[in-house]
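Participant:
In our numbering, the protein residues as written are 5 to 267.
1) I believe residue 96 touches residue 161 by the beta-carbon criterion, under 8 angstroms. Please report the beta-carbon distance rounded to the nearest angstrom.
2) Could you compute how far the alpha carbon of residue 211 sits from the alpha carbon of residue 260?
3) If we ignore side chains and look at the alpha-carbon of each, how far apart do residue 87 and residue 148 end up?
4) Less than 7 angstroms between the beta carbons of residue 170 and residue 152, yes or no?
5) So, are the CB atoms of residue 79 and residue 49 less than 7 angstroms apart?
6) Does the beta-carbon distance from residue 84 to residue 121 come in below 7 angstroms?
7) Just reading off the alpha helix (DSSP H) that residue 132 is part of, what are its end residues?
8) Measure the CB-CB distance between residue 263 and residue 201 and report whether it falls below 7 angstroms.
9) Between which residues of its own chain and residue 191 is the CB-CB distance below 8 angstroms, once the five residues before and five after are set aside?
10) Can you check DSSP and say which residues form a bridge with residue 172?
11) Going by DSSP, which residues form a beta bridge with residue 48?
12) Where do the N-terminal and C-terminal ends of the beta strand (DSSP E) with residue 264 fall, by residue?
13) Secondary structure at residue 145, three-state DSSP: helix, strand or coil?
14) Do the CB positions of residue 270 and residue 145 come within less than 7 angstroms of each other?
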């Protein structure tokens, strides 16, 4: 952006310039200003830079899942989901529990739309759950999650509350079930569903339902096995549910995640 003015500026006088910036995406931005005039002998001291933080108007990033009571030898983690339609720069965003607040990343990480990411203290989570490294934020100061309950917050660049989850020990969702119960509630009174399970590389490992007639709500059971009856590797899996209405027309589809943990 360049804006030129040709007004006469007297010695020790002040000139106020106003300009409007185009819409900028959320994140940290640096604005630079330069003063130029004929006969300038030291142009290097005519520059000024300022950093501004632009918050997202919406709250597209949410705390999607929590593992606060893991099996011995496995780290605690929380899962984030970008529900928005665009990449989200979470540079200097923070995660907090009832006692501590930590910075998620000091770099310029982009969280892609529709994707899931883990926050954890120990990088072992990458191998233990077969998760791509770029989908994990390893936070050295990641707070210890209380088993009897905690208050978790996701804070934006300027400290604005993005999402908040308060849990108690009654949740008891520790990932150690021998099966996963996938519950659904459809936007139609009756319809058909197809449910596929994919690994994080996009490979389908199991089709749980193939154009099955269903009512408005119900549940499906996944025993952690692939289409050949073999137990899948530990890790995160994506469950894609497609809802069909009359005439075999795709009405809507949903994407969720489950984490498979072996005892």
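Glycine residues also receive a C-beta, built at the ideal position from the N, C-alpha and C atoms.
Treat the numbers as computed from the prediction; the structure is a model and nothing was measured.
Facilitator: Let me lay it out:
1) Translated into positions along the chain shown, residue 96 becomes position 92. Translated into positions along the chain shown, residue 161 becomes position 157. Under the criterion of beta carbons closer than 8 angstroms, residue 96 and residue 161 qualify as touching, at roughly 5 angstroms.
2) Indexing the chain shown from 1 puts residue 211 at position 207. Indexing the chain shown from 1 puts residue 260 at position 256. Near 15 angstroms, if we compare the C-alpha coordinates of residue 260 and residue 211.
3) By 1-based counting over the chain shown, the position of residue 87 is 83. By 1-based counting over the chain shown, the position of residue 148 is 144. Near 26 angstroms, if we compare the C-alpha coordinates of residue 148 and residue 87.
4) Looking up residue 170 in the chain shown gives position 166. Looking up residue 152 in the chain shown gives position 148. Going by C-beta atoms, residue 170 is not nearer than 7 angstroms to residue 152.
5) On the chain shown, residue 79 is found 75 positions in, with the first residue counted as 1. On the chain shown, residue 49 is found 45 positions in, with the first residue counted as 1. For residue 79 and residue 49, no; Cβs fall outside 7 angstroms.
6) The sequence position of residue 84 within the chain shown is 80, counting from 1. The sequence position of residue 121 within the chain shown is 117, counting from 1. Contact flag set, yes.
7) On the chain shown, position 128 is the one that residue 132 refers to. Residue 132: member of the alpha helix (DSSP H) spanning 128-132, first to last residue.
8) On the chain shown, residue 263 is found 259 positions in, with the first residue counted as 1. On the chain shown, residue 201 is found 197 positions in, with the first residue counted as 1. A distance of 7 angstroms or more separates the beta carbons of residue 263 and residue 201.
9) Taking the first residue of the chain shown as position 1, residue 191 is located at position 187. Shown here for residue 191: same chain residues with a beta carbon closer than 8 angstroms to its own, the five before and five after excluded, namely 247, 255, 256 in chain order.
10) For the purposes of this step, residue 172 is taken as the residue at position 168 of the chain shown. BP columns for residue 172 point to 153.
11) The residue labelled residue 48 in the question sits at position 44 within the chain shown. Residue 48 pairs with nothing; no bridge assigned.
12) Residue 264 sits at position 260 when you count from the first residue of the chain shown. Start and end: 254-264.
13) What you label residue 145 is simply residue 141 of the chain shown in a count that begins at 1. Taken through DSSP and simplified to helix, strand or coil, residue 145 comes out as coil.
14) In this structure the chain extends from 5 to 267, so residue 270 is not present and cannot be described.
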